[in-house]
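Data block below; observations after.
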Amino acid sequence: MPFANINGRQIFYRESGSGEITLVCLHGISSNSRSWQRQLELLADRYRVIAWDAPGYGQSAEHPGAYTRGNQGEQPEGLPKMGWYADQLAGLLDALQLPKAVIVGLSMGGVLAQEFYRRHPERVLALVLSDTNTGGGARPPAERQARLEGRLKALAELSLEEMARQRAPALLSPEPAPGLVAEVEAMIRELHPAGYRAMVLALDAADTRPVLPTVAVPALVMWGDQDRVTPRPEADILRTGIPGAAFEIIPGAGHLSNLEQPAAFNRAVAAFLDKNL
Numbered sequence: 119m120p121f122a123n124i125n126g127r128q129i130f131y132r133e134s135g136s137g138e139i140t141l142v143c144l145h146g147i148s149s150n151s152r153s154w155q156r157q158l159e160l161l162a163d164r165y166r167v168i169a170w171d172a173p174g175y176g177q178s179a180e181h182p183g184a185y186t187r188g189n190q191g192e193q194p195e196g197l198p199k200m201g202w203y204a205d206q207l208a209g210l211l212d213a214l215q216l217p218k219a220v221i222v223g224l225s226m227g228g229v230l231a232q233e234f235y236r237r238h239p240e241r242v243l244a245l246v247l248s249d250t251n252t253g254g255g256a257r258p259p260a261e262r263q264a265r266l267e268g269r270l271k272a273l274a275e276l277s278l279e280e281m282a283r284q285r286a287p288a289l290l291s292p293e294p295a296p297g298l299v300a301e302v303e304a305m306i307r308e309l310h311p312a313g314y315r316a317m318v319l320a321l322d323a324a325d326t327r328p329v330l331p332t333v334a335v336p337a338l339v340m341w342g343d344q345d346r347v348t349p350r351p352e353a354d355i356l357r358t359g360i361p362g363a364a365f366e367i368i369p370g371a372g373h374l375s376n377l378e379q380p381a382a383f384n385r386a387v388a389a390f391l392d393k394n395l
């Protein structure tokens, strides 16, 4: 299994294909690199496809600060923020000798993709942002606090098995294909509580609204029309805020559109790249 050593920290990634264009795929807050398996398999005939386990996820090492526990949802000193994760991603590109890549982010991975563009725009060939938003810091205070407290409460009070049973169905359409709920449950059960908590706090603090008007590379915003986590107005903020952004609706897809409707997702990505790169 491939690992990259980034500042003494082992970061796991999956890789397929060998095309001239490289896609780097960033998973959501409740999953890991396995969520991109359908892209690793189905896009490999055209592109080099890489999917990482973010620090604290899957087989990747955690940030030491992930073990620090703050009070009442506060982000303790030393706990990583989204910019730190973006810099780790830049380290992965360095380790793989990738000057530039298409950054594909879903949900939390989409917020990270925007932060990566803010800090390392010269490394981005194009952005693909699916079922995502501009971070917790962009939400109204009451909504932001409720969402943060809900996630931290679930982590503190539920086992990973219980979290998986409760959360997995909401990440898919109301009538998902057989086996998909079990697949998503399995990824949630693989969460590392400390790494998940660190990312929950990083996502809550993130606000990428200032990034949107600065994007000067081709951008595709996608949204599953059955997404019950990221409502359409949040996708529209990205669609209208990024100059010249393309927009694609994925029919029959919930929040995890790449997993639930991979053929439509992959077609949209390939058509966008054919047109713009």
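The sequence shown begins at 119 in the working numbering and counts up one residue at a time.
Each residue gets a CB set at the ideal place from its N, CA and C atoms; glycine is no exception.
Using a 10 Å radius around the Cβ and a threshold of 16 neighbouring Cβ atoms, would you call residue i buried or exposed?
i, result
"Asp322", "buried"
"Pro328", "exposed"
"Thr326", "buried"
"Pro259", "exposed"
"Ala316", "buried"
"Glu378", "buried"
"Asn123", "exposed"
"Asn125", "exposed"
Apart from the five residues on each side of it in sequence, which residues of its chain come closer than 6 angstroms, Cβ to Cβ, to residue i?
i, result
"Ile168", "Tyr131, Glu133, Val142"
"Asn189", "Low confidence applies to Asn189: its pLDDT is 36, below 50, so where it sits in the model is not reliable, and the reading given next is rough at best. Within the same chain, Asn189 has no close Cβ partners at all."
"Lys199", "Ala320, Ala323"
Bridge partners for residue i per DSSP, in chain order?
i, result
"Asn123", "Gln128"
"Glu133", "Ile168"
"Leu141", "Val167, Val220"
Who are the near neighbours of residue i in its chain, counting only those whose CB is closer than 7 angstroms to its CB and skipping five residues on each side?
i, result
"Leu278", "Ile306, Arg307, Leu309"
"Ala353", "Val339, Trp341"
"Pro331", "Gly359, Pro361"
"Tyr165", "Gly135, Gly137, Ile139, Thr140, Leu141"
Just to confirm my understanding: we take residue i, look at its own chain, exclude 5 residues before and 5 after, and list those with CB closer than 8 angstroms. What are they?
i, result
"Gln284", "Ala272, Leu276"
"Thr348", "Ser225, Asp249, Thr250, Asn251, Trp341, His373"
"Gly176", "Phe130, Asn150, Ser151, Arg152, Glu308"
Would you verify that the beta carbon of residue i is, or is not, closer than 9 angstroms to some beta carbon of chain C?
i, result
"Phe383", "Given the protein chain composition of this structure (a single chain), no chain C is represented."
_Start-end ranges of the alpha helix (DSSP H) lying completely within the region 324 to 370, minimum 4 residues_ = Those alpha helix (DSSP H) runs which fall completely within the region 324 to 370 and span 4+ residues are 350 to 359.
*asked:* My parser needs the alpha helix (DSSP H) runs of 4 or more residues fully inside the region 204 to 259; what are they?
replied: Counting only runs of 4 or more, we get 226 to 237.
_Three CB pairs or more closer than 8 angstroms across the region 355 to 371 and the region 139 to 153_ = As far as the Cβ criterion goes, the region 355 to 371 does not touch the region 139 to 153, which means the pair count is below three.
*Please determine if the region 151 to 169 and the region 241 to 255 are in contact, where contact requires at least 3 C-beta pairs separated by less than 8 angstroms.*
Counting C-beta pairs closer than 8 angstroms gives fewer than three between the region 151 to 169 and the region 241 to 255, which falls short of the contact rule.
*Can we say the region 228 to 243 touches the region 205 to 216, given the rule of at least three CB pairs closer than 8 angstroms?*
Yes: at least three Cβ pairs fall under 8 angstroms.
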